[in-house]
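> There's a structure below that I have some questions on.
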Amino acid sequence: MYKYSDFNNKLSQGSGIGELMQDLGSGLEHARRMNLEISMLGGGNPAHIEDMEKIFRDRWKFLSDKETIINRTLGDYSSPQGFLEFREKLAHYLSRHLSYPLKASNIAITQGSQSAFFMLLNSFAGAFSKENTFKKILLPLVPEYIGYADQGIQDGIFTSLAPIVRSTAEHRFVYEINFPSLENCLENESIGAICLSRPTNPSGNLVPKDDMNRLLNIATKHKIPLIVDNAYGYPFPNITFLESKLDWKPGMIQVLSLSKLGLPGLRTGIVVAEEEITSRIAEMSSILNLAPGNVGCLFIEDWLENDQISEYSNNIIKPYYLQKSQFALELLDHHLQSNIEYSIHESHGALFLWLFFPNHRYTSRQMYEKLKARGVFVISGENFFPGLSTDFSHKKQCIRLTYSRNTEEVIRGIKILAEELSL
Ligand SMILES: Cc1ncc(COP(=O)(O)O)c(C=O)c1O
């Protein structure tokens, strides 16, 4: 039995996301052994979209014949910030789409966006010994992405705010940022950055552009950055069902990813930020990884100048998910309406539906267990509120389900969900 450092204990002694993945895995195994049919509505894997997979196969074949490209991409390390030539092409593309003259130096490539968040969150939260203070990341609207929760090298790096809940229609609601609480928090706590995903995993909320501008102004006033997680957002893969364009401006860190285009195996993340930040990301990357992987960059390089990547996003990926989302919503309304009190967050994007069951006799954890026993896997809502110290009923009465699985799985899963929750 070896002895382990605080660093190791912090990162290897069980995390929300780790337990979740483990529990899903063992639940799946159990269901298989019992010969139960399974509806895996829990994960965040992007769908296997046939039209996109054909495009990926063709691209793979094309690249495999290009000897010089392959030699450079597989045989050489890039710089820690990513290949300059690729970043130049990406900077041109992003300048057009984010309405700001970005340069290659405004971009850093990372091993997936998850690792970009590890670097960013720990750069702006934790101990600041020169200032003799401990700063936190402010999540302005929870529920928020579970993958941030355990990323702090130090404990307690998040503080978060419950949203305003606005009813939009029968059985529908939307979360909105509570700006007075936000201003109050910034006045009274030591905050190093504001961070949010847009669209939000898990709720599918798309914070409106005006609110994003307001957030940026507030962040700038407090001399802290606004980190925007675009894993599902604009300009690619643009799994958003409302106008989603967001300009880049100084003071903002936008984080993009190739994963939800359907390429999570390429592990490519993109940080768009002021040069002082991207150069620090590069320094950290060189310590953690020497250099990011090159294959993701090579894979999309030719889709930038001609905007092909936006066309794939807007003409194939977005419509695919929109149709799936609408289908799942109709099914839920059909099966739940008569006998269960429920409300669903408006589906503005990402891969998930966020269901609220007010006054239900089961907590979200119990709902998760009941469904798991029937081979239906969802995620219990309480995992998505890192840093929230106030009571908020949604914390214990919501579940997240992935609507993008195949039709039979979704139909079966939703039928069982309605049965179990109305029993
Ligand atoms: C909101 C959000 N941000 C970031 C990530 C990390 O994605 P990746 O590391 O694959 O780029 C995910 C993955 O599911 C996510 O849902």
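Numbering-wise, the numbering used here puts 413 at position 399 of the sequence shown, and it's gapless, one number per residue. All C-beta atoms, glycine included, are put in the ideal place defined by N, C-alpha and C.
(1) Measuring from each Cβ to the nearest heavy atom of ligand 1, keep the ones under 6 angstroms and list them in chain order.
(2) Where LEU229 and LYS263 are concerned, what is the direct C-alpha to C-alpha distance, given to the nearest angstrom?
(3) Could you tell me if MET226 is buried or exposed, where buried requires 16 or more neighbouring beta carbons within 10 angstroms of its beta carbon?
(4) Let's see if you can read the secondary structure: which residues bound the alpha helix (DSSP H) around MET381?
(5) Near LEU312, which residues of its chain fall below 6 angstroms by C-beta distance, leaving aside the five closest residues on each side in sequence?
(6) Could you check where the beta strand (DSSP E) with ALA207 kicks off and where it finishes?
(7) Could you give the first and the last residue of the continuous beta strand (DSSP E) run that contains LYS150?
(8) Closer than 8 angstroms is the cut-off here; do at least three beta carbon pairs connect the stretch 64 to 81 with the stretch 274 to 289?
(9) Within the same chain, show all residues whose beta-carbon is closer than 8 angstroms to that of SER93, passing over the 5 residues directly before and after it, in chain order.
(10) Start and end of the beta strand (DSSP E) containing MET266?
(11) Based on Cα-Cα distance, which residue from ASN252, ILE205, PRO216, GLY218 lies nearest to ILE241?
(12) Between CYS412, ILE354, THR416, LEU272, which has its C-alpha nearest GLN340's C-alpha?
(13) Enumerated in chain order, which unbroken segments of the alpha helix (DSSP H) with a length of 4 residues or greater are wholly contained in the stretch 21 to 82?
(14) Would you tell me roughly how many angstroms separate the C-alpha atoms of SER53 and ILE428, rounded to the nearest one?
(15) On the criterion of 16 or more Cβ atoms from any shown chain inside 10 Å, does LYS439 qualify as buried, or is it exposed?
(16) At which residues does the beta strand (DSSP E) containing GLY140 begin and terminate?
(17) Do ILE167 and ILE151 count as a contact pair if the criterion is CB distance below 8 angstroms?
(18) What does a CB cutoff of less than 8 angstroms around GLU197 pick up in its chain, not counting 5 residues either side in sequence?
(19) Beta carbon of SER271, beta carbon of THR254: below 8 angstroms?
(20) Is PHE398 near VAL156, with beta carbons less than 8 angstroms apart?
(21) Are the beta-carbon atoms belonging to ALA364 and TYR248 less than 8 angstroms from one another?
(22) Quick check on ARG212: buried or exposed, where buried means 16 or more other Cβ atoms within 10 Å of its Cβ?
(23) Can you tell me whether ARG46 is buried or exposed, with buried defined as 16 or more other CB within 10 angstroms of its CB?
(24) Since I believe ASP243 is in contact with TYR159 (beta carbons under 8 angstroms), could you give me their beta-carbon distance rounded to a whole number of angstroms?
(25) PRO372 and GLU355: beta carbons closer than 8 angstroms?
(26) Is it true that the stretch 283 to 291 meets the stretch 119 to 137, where meeting means three or more beta-carbon pairs spaced less than 8 angstroms apart?
(27) In whole angstroms, give me the CA-to-CA distance for CYS412 and ASP90.
(28) What's the C-alpha gap between SER113 and LEU25?
(29) Whole angstroms is fine: what's the gap from VAL188's alpha carbon to LYS223's?
(30) Applying the 10 Å Cβ sphere with the 16-neighbour rule, what's the burial state of PHE441?
(31) Please look up how many angstroms separate the CB atoms of LEU256 and HIS362, rounded, as I've assumed it's under 8 angstroms.
(32) Whose C-beta lies closer than 7 angstroms to the C-beta of PRO251 among residues of the same chain, with five residues either side of it excluded?
Result, derived from the coordinates:
(1) GLY58, GLY126, SER127, GLN128, TYR159, GLY161, SER211, ASN215, ASP243, ALA245, SER271, SER273, PRO278, GLY283
(2) 12 angstroms
(3) buried
(4) 378 to 387
(5) THR87
(6) 205 to 211
(7) 147 to 153
(8) yes
(9) ALA296, ALA305
(10) 266 to 271
(11) ILE205
(12) THR416
(13) 30 to 47, 64 to 78
(14) 9 angstroms
(15) The question about residue 439 has no answer here: the residues shown for the chain are numbered 15 through 437.
(16) 140 to 142
(17) no
(18) ILE232
(19) no
(20) yes
(21) no
(22) buried
(23) exposed
(24) 7 angstroms
(25) yes
(26) yes
(27) 47 angstroms
(28) 39 angstroms
(29) 15 angstroms
(30) Because the chain in this structure spans residues 15 to 437, residue 441 falls outside the shown range and cannot be described.
(31) 5 angstroms
(32) LYS274, LEU275, SER327, ILE331
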